[in-house]
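Okay, structure first, notes after.
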Amino acid sequence: MIARARYAAIATALLLLVTLPWWVGNTYYVNIASQILLFAVFALALNILVGYGGLVSLGHAGLFAVAGYTAALMLQAGYGHFAANSAAIVVTLAASAIFAVLALRSIGIGFLMITLALGQIIWGVAYRWASLTGGDNGINVTTRPAPFGISLAAAPSFYFTSLIVFLLALATMVLLVRSPFGASLRGTRDQARRMNALGYNVWLIRFLAIVLSGFWTGVSGLLFIYYNQFISPQVSALTTSAEVLLMVISGGTATLLGPIVGAVIVVVMKNVVSAYIERWNLVLGVIFVVIITFMPEGLVPGTVRLCRWGWLVIRTRLNRTPARTARDQAQETHGSGAPS
Amino acid sequence: MMQQITSAQVVILAINSFALGGLLFLLSAGFSLIFGLMRIPNLMHGAFFMLGAYFGVSFLEWGMNFWLAALLSGLAMAAIGGLIERVLLRRLEGQVLPQVLLTLGFAFIIADICLMIWTGDPWQPTPPPELRGAVQAMGMFFPLYRLMVLAVAVAVAIALWILVDWTRLGAMIRAGVDDPPIARVVGIKVSQLFTLVFCLGAALAAFAGVMGAPFLSVYPGLDFEMLPLALIVVILGGTGSLLGALVGSFILGFLYNFGQAMFPDLAYVILFLPMLLILVLRPQGLFGRVMT
Numbered sequence: 655m656i657a658r659a660r661y662a663a664i665a666t667a668l669l670l671l672v673t674l675p676w677w678v679g680n681t682y683y684v685n686i687a688s689q690i691l692l693f694a695v696f697a698l699a700l701n702i703l704v705g706y707g708g709l710v711s712l713g714h715a716g717l718f719a720v721a722g723y724t725a726a727l728m729l730q731a732g733y734g735h736f737a738a739n740s741a742a743i744v745v746t747l748a749a750s751a752i753f754a755v756l757a758l759r760s761i762g763i764g765f766l767m768i769t770l771a772l773g774q775i776i777w778g779v780a781y782r783w784a785s786l787t788g789g790d791n792g793i794n795v796t797t798r799p800a801p802f803g804i805s806l807a808a809a810p811s812f813y814f815t816s817l818i819v820f821l822l823a824l825a826t827m828v829l830l831v832r833s834p835f836g837a838s839l840r841g842t843r844d845q846a847r848r849m850n851a852l853g854y855n856v857w858l859i860r861f862l863a864i865v866l867s868g869f870w871t872g873v874s875g876l877l878f879i880y881y882n883q884f885i886s887p888q889v890s891a892l893t894t895s896a897e898v899l900l901m902v903i904s905g906g907t908a909t910l911l912g913p914i915v916g917a918v919i920v921v922v923m924k925n926v927v928s929a930y931i932e933r934w935n936l937v938l939g940v941i942f943v944v945i946i947t948f949m950p951e952g953l954v955p956g957t958v959r960l961c962r963w964g965w966l967v968i969r970t971r972l973n974r975t976p977a978r979t980a981r982d983q984a985q986e987t988h989g990s991g992a993p994s
Numbered sequence: 003m004m005q006q007i008t009s010a011q012v013v014i015l016a017i018n019s020f021a022l023g024g025l026l027f028l029l030s031a032g033f034s035l036i037f038g039l040m041r042i043p044n045l046m047h048g049a050f051f052m053l054g055a056y057f058g059v060s061f062l063e064w065g066m067n068f069w070l071a072a073l074l075s076g077l078a079m080a081a082i083g084g085l086i087e088r089v090l091l092r093r094l095e096g097q098v099l100p101q102v103l104l105t106l107g108f109a110f111i112i113a114d115i116c117l118m119i120w121t122g123d124p125w126q127p128t129p130p131p132e133l134r135g136a137v138q139a140m141g142m143f144f145p146l147y148r149l150m151v152l153a154v155a156v157a158v159a160i161a162l163w164i165l166v167d168w169t170r171l172g173a174m175i176r177a178g179v180d181d182p183p184i185a186r187v188v189g190i191k192v193s194q195l196f197t198l199v200f201c202l203g204a205a206l207a208a209f210a211g212v213m214g215a216p217f218l219s220v221y222p223g224l225d226f227e228m229l230p231l232a233l234i235v236v237i238l239g240g241t242g243s244l245l246g247a248l249v250g251s252f253i254l255g256f257l258y259n260f261g262q263a264m265f266p267d268l269a270y271v272i273l274f275l276p277m278l279l280i281l282v283l284r285p286q287g288l289f290g291r292v293m294t
């Protein structure tokens with residue numbers, strides 16, 4: 655019953671996503687949907703580390719920008735889209751590996767501080783090394799690619815590309831979560847010592863997780879530059895890392911749906927807020943503080959908890975309490991337990 | 003790309019390096035203590051520095067004495083920092099991710115409020131009149147104000163050293179850094195120490211902000227430029243080590259000034275090189291111990 659409902663929900667969501675350009679109509683909203691999808695890919699990538707690996711990175715905007723800048727510079731130098739994108743992915747993978755080697759010298763707060771500093775290095779290069787990156791003026795990306803002869807210049811075709819990439823990223827995450835590798839990654843998050851004692855190479859598992867996360871971060875970076883057709887140092891700033899971290903946290907870490915919901919919330923809010931006032935950073939900060947203070951486990955688990963609680967109350971009111979199955983009970987205790 | 007520098011410039015650069023190093027020490031000593039004692043990565047620290055500098059700017063605009071403005075700004079920031087610590091951070095003890103997000107959230111809030119009040123234009127207050135000139139010695143001119151910044155930083159370093167290493171309070175702080183649970187067991191009020199150290203760190207950051215304003219100037223974005231510097235100093239010197247913070251600060255001061263003169267494009271990036279070296283060779287920092 656629950657499984658059938660879930661399949662129905664997935665099918666409905668897919669149908670809505672695929673037909674989105676037709677029922678939304680307005681180009682502006684189609685573009686916002688593309689933005690949401692590309693940031694959802696970014697958030698899913700970061701969630702591998704934050705959610706499943708327990709490694710909080712504040713330098714991911716750096717990796718995002720590495721991909722973007724590499725591609726933009728290659729395109730500017732006259733290379734084709736395929737060469738530029740391949741090079742961007744290779745460079746981003748290399749950068750992720752370097753990030754991983756350095757940041758994994760420490761875990762917990764140390765990991766976070768090192769990734770923050772590494773992210774700032776990339777910001778420093780992008781902003782100050784003006785002869786290479788154009789400094790604050792950024793780099794224009796004049797054309798979007800046309801894979802298989804289909805031009806991505808129009809909003810709907812770009813939306814479909816983003817959708818395909820997003821679905822691929824989501825599929826990777828589903829596979830990751832269900833794979834032995836995903837299980838061992840969660841193991842290193844919860845019981846690193848025990849995993850070590852069991853013979854797992856904790857360092858290698860974390861390293862691979864960072865590189866995988868870097869790969870999808872790079873892919874979303876490419877989508878980003880093609881979407882905006884422009885890249886500037888602002889992309890690599892700490893604000894970007896913080897925004898994506900907010901997507902992961904607000905949706906709920908270590909869930910598949912969380913980062914996606916987070917991306918919807920943050921992108922929509924950013925667009926709405928920016929339309930009225932220039933105080934996006936203030937709003938971003940206030941959201942952080944409010945979420946941490948009132949819904950520490952994230953919006954998705956928080957809402958699920960509230961709904962479950964509400965449903966229990968209704969059921970008790972109706973005085974129709976059927977014998978609960980062991981599974982329900984297990985879920986409730988799990989759901990209402992304090993976040994660790 | 004490399005620029006040539008003369009020997010006369012070297013002396014001036016060295017003075018500037020010492021002044022910047024002293025300033026960085028004022029900024030990062032508090033950061034290091036907060037991090038060492040409370041295990042809190044205080045991402046507001048750059049914002050404290052900037053807000054403190056803006057306070058100083060306003061106090062000076064009202065015609066206040068420079069030193070009084072710096073002290074008042076420090077006091078105001080101690081109050082703000084203490085309030086945030088007592089009311090919000092306190093409830094998140096031991097939870098790294100929420101602490102990071104909360105401090106980051108406040109950093110954004112403070113940055114935007116500063117932009118609202120003091121606008122996007124840079125402010126550069128003048129140093130106090132008695133320190134505006136330069137002293138001449140051995141045929142060279144030394145900017146008086148920067149020498150003063152260095153002197154103040156050294157004085158603060160000595161005061162902190164005496165406080166931490168030679169007083170009862172300092173012994174309690176060290177005990178709290180080494181082993182909070184045992185410190186509690188022997189009757190040290192670690193929670194109050196936390197607040198005290200947090201206020202002290204916030205005050206030092208704000209004081210540094212005012213001291214730095216005459217030569218760094220104050221502008222939006224200063225906060226997130228200073229925060230990584232405090233991070234590097236702590237990674238270089240080792241968590242919770244004042245001596246480490248001092249040495250790390252001067253290394254950065256020199257790298258920044260000489261880097262700026264020799265490789266203008268890459269000056270900011272060069273700052274991070276020693277951090278990378280340290281991470282590879284000695285991840286606990288120059289004077290740090292292995293953290294669990």
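Those protein sequence lines, which keep their order, are chains X and H. In short: position in the first sequence from 1, add 654, done, that's the numbering used here. In short: position in the second sequence from 1, add 2, done, that's the numbering used here. From the three backbone atoms N, C-alpha and C, an ideal C-beta is built for every residue, glycine too. A quick note: this is a predicted structure, and the numbers were derived from the prediction, not measured.
Below the 7 Å Cβ cutoff, chain X contributes A771 as neighbours of M277/H, in chain order. Any Cβ of chain H closer than 8 Å to the Cβ of T947/X would place that residue at the interface, and such an atom is present.
For R92/H, no Cβ of chain X is located within less than 8 Å of the residue's own Cβ. If you draw a straight line from the Cα of F226/H to the Cα of A771/X, it is about 11 Å long. By the Cβ-count criterion, Q194/H is exposed, with fewer than 16 other Cβ atoms from all chains shown falling within 10 Å of its own Cβ.
F51/H sits away from N44/H, with the two beta carbons spaced by 8 Å or more.
Inter-segment contact for the segment 933-950 of chain X and the segment 97-106 of chain H is present: three or more beta-carbon pairs are separated by less than 8 Å. Between S867/X and I702/X, the gap from beta carbon to beta carbon is short of 8 Å.
DSSP lists V220/H as the beta-bridge partner residues of W125/H. Within chain H, no residue has its beta carbon less than 7 Å from that of G916/X; the closest one is some 13 Å off.
Within chain X, the residues whose beta carbon sits less than 7 Å from that of F274/H are A771, I775, listed in sequence order. Within the model, the alpha-carbon separation for N855/X versus L85/H is close to 44 Å. Contact between I885/X and I763/X does not hold, since the beta-carbon distance rounds to 31 Å and is not under 8 Å. With fewer than three CB-CB distances shorter than 8 Å, the segment 68-81 of chain H does not count as touching the segment 917-929 of chain X. By the Cβ-count criterion, C201/H is buried, with 16 or more other Cβ atoms from all chains shown falling within 10 Å of its own Cβ. Rounded to the nearest whole angstrom, the CA to CA distance from T871/X to L717/X is 7 Å. Counting along the chain, F820/X sits inside the alpha helix (DSSP H) bounded by residues 809-832.
Rounded to whole angstroms, the Cβ separation of G23/H and G255/H is 3 Å, and the two are in contact under 8 Å. For E87/H, the uninterrupted alpha helix (DSSP H) segment begins and ends at 68-89. Within the DSSP bridge table, the entry for I793/X names I885/X as partners.
For the 8 Å CB-CB criterion, L268/H and W783/X form a contact. Here P145/H carries a strand assignment [DSSP, helix/strand/coil].
V873/X and A780/X have their C-alpha atoms spaced approximately 19 Å apart.
With respect to chain H, the C-beta atom of A896/X has a partner C-beta closer than 8 Å. Relative to the Cα of V249/H, the nearest Cα in the group A10/H, Q6/H, A31/H, A177/H belongs to A31/H. Residue pairing by DSSP leaves A715/X without any beta bridge partner. Comparing C-alpha distances from V755/X to each of R969/X, I859/X, V898/X, R971/X shows the shortest one belongs to I859/X.
Only those residues of the segment 50-73 of chain H whose C-beta falls short of 9 Å from the nearest C-beta of chain X would be listed, and there are none.
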